[in-house]
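Which chain is which? The protein sequence lines are A and B, in order. Just so we're aligned, residue 478 is where the first sequence starts under the numbering used here, counting upward by one. Just so we're aligned, residue 2 is where the second sequence starts under the numbering used here, counting upward by one. Working notes, beginning with the structure itself.
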Amino acid sequence: AQKVTQAQTEISVVEKEDVTLDCVYETRDTTYYLFWYKQPPSGELVFLIRRNSFDEQNEISGRYSWNFQKSTSSFNFTITASQVVDSAVYFCALMFNYGGATNKLIFGTGTLLAVQP
Amino acid sequence: EAGVAQSPRYKIIEKRQSVAFWCNPISGHATLYWYQQILGQGPKLLIQFQNNGVVDDSQLPKDRFSAERLKGVDSTLKIQPAKLEDSAVYLCASSPRPGPSTGELFFGEGSRLTVL
Numbered sequence: 478a479q480k481v482t483q484a485q486t487e488i489s490v491v492e493k494e495d496v497t498l499d500c501v502y503e504t505r506d507t508t509y510y511l512f513w514y515k516q517p518p519s520g521e522l523v524f525l526i527r528r529n530s531f532d533e534q535n536e537i538s539g540r541y542s543w544n545f546q547k548s549t550s551s552f553n554f555t556i557t558a559s560q561v562v563d564s565a566v567y568f569c570a571l572m573f574n575y576g577g578a579t580n581k582l583i584f585g586t587g588t589l590l591a592v593q594p
Numbered sequence: 002e003a004g005v006a007q008s009p010r011y012k013i014i015e016k017r018q019s020v021a022f023w024c025n026p027i028s029g030h031a032t033l034y035w036y037q038q039i040l041g042q043g044p045k046l047l048i049q050f051q052n053n054g055v056v057d058d059s060q061l062p063k064d065r066f067s068a069e070r071l072k073g074v075d076s077t078l079k080i081q082p083a084k085l086e087d088s089a090v091y092l093c094a095s096s097p098r099p100g101p102s103t104g105e106l107f108f109g110e111g112s113r114l115t116v117l
C-alpha cells in the first residue's frame, strides 16, 4: 500500500519554540519522492521541499530542517524558533510511479500548526 | 510569472444542481492536476492531464464528475448532479512535466464548493 500518515492533527506552540512535525510513509517502491507543502489560510499549497528515496541527507533551509530516515520510513520536519507566520496546515506527500510514465502524488491528512505570540 | 489561476473562488449550490470550475495553469506547463480537498483531509487526486490527454482519472467519480483540457492549456472540472458530499475545495495544480523531476507542483488558491 502507498500511504502517508501524519499522526499529529494539531500542534500549538508559543513563538520562538521549536516544533517537529512527524510524517511516516508506506510504499512498496524503491524509487519514490517525499514532499512537504504548507497551506496557509489563503488556501494555496506552497512547496517547501522534495527528497528522493536515494538521498537520506538531512537538509536545512533557514529555520526549517528535514530529517529523512528510510529505516523508520519517516520524513520529519522541524521549525526552529517558530514565528506566528508559520501558522498553517502542513502536508507531507509521497510521489510514486503509478505505471508507465505516470507518477502519482498522495498527501497525508495534514498537521495544523498554531504559533501563539 | 503568473501563478495557477482558478475561478470561481467560492460557489454555493443546492444538491442535484450542476457546477463548473475553471483552471488556467502556469504558461508552458504541460501537466495539469485537479485535486479534491474535503475539510480536515489532505488533497485527493481526481484527474491528471498531460497536455490534453488524461493520464490518470482512477479516482474521478465518472458518473457525476467530468473534466476536459481541450487545447492542452486551461481546464474545466464539472460536477453534475452535485451531492452533499461534494462539498470541498477543488485545487488545480500544474507542473512543467509529469513526475518528480520538476521538483514540485504549483497550486492555485482553490475553488470552495458548498452543496446545500
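Glycine residues also receive a C-beta, built at the ideal position from the N, C-alpha and C atoms. Model, not experiment: these values are computed from the prediction.
Using a Cβ cut-off of 8 Å (strictly closer), state whether residue i contacts chain D.
i	result
B:GLN81	Here chain D cannot be found, since the structure's protein chains are A and B.
Is the CB of residue i under 8 Å away from at least one CB in chain B?
i	result
A:ARG527	yes
A:LEU582	yes
A:TYR575	yes
A:GLU595	With chain A covering only 478 through 594, there is no way to say anything about residue 595 of chain A.
If I'm right that residue i touches residue j with Cβ under 8 Å, what's the distance once you round it to whole angstroms?
i	j	result
A:GLN483	A:GLY585	4 Å
A:TYR509	A:SER530	5 Å
B:ASN53	B:LEU71	6 Å
A:THR486	A:LEU571	Their Cβ separation, rounded to whole angstroms, is 19 Å, which puts A:THR486 and A:LEU571 out of contact at 8 Å.
To the nearest angstrom, how far is it from the Cα of residue i to the Cα of residue j?
i	j	result
A:PHE552	A:ILE537	13 Å
A:CYS569	A:LEU589	12 Å
A:GLY539	A:ILE526	13 Å
B:PHE66	B:GLN81	6 Å
A:GLN546	A:LEU511	11 Å
B:LEU85	B:LEU47	17 Å
Where does residue i sit, in a helix, a strand or coil, going by DSSP?
i	result
B:ASP57	strand
B:LYS16	coil
A:GLU494	coil
A:THR588	strand
B:GLU86	helix
A:VAL561	helix
A:SER550	coil
A:LYS515	strand
A:ILE583	strand
With the cut-off set at 8 Å, would you say residue i and residue j are in Cβ contact?
i	j	result
B:VAL20	B:CYS93	no
B:GLU110	B:ARG10	yes
A:LYS515	A:SER559	no
B:PHE50	B:LEU33	yes
B:SER76	B:CYS24	yes
B:SER112	B:HIS30	no
B:VAL116	B:ALA68	no
B:GLY43	A:GLY587	yes
Counting only beta-carbon separations shorter than 8 Å, does residue i have a partner in chain A?
i	result
B:PHE108	yes
B:GLN42	yes
B:LEU92	yes
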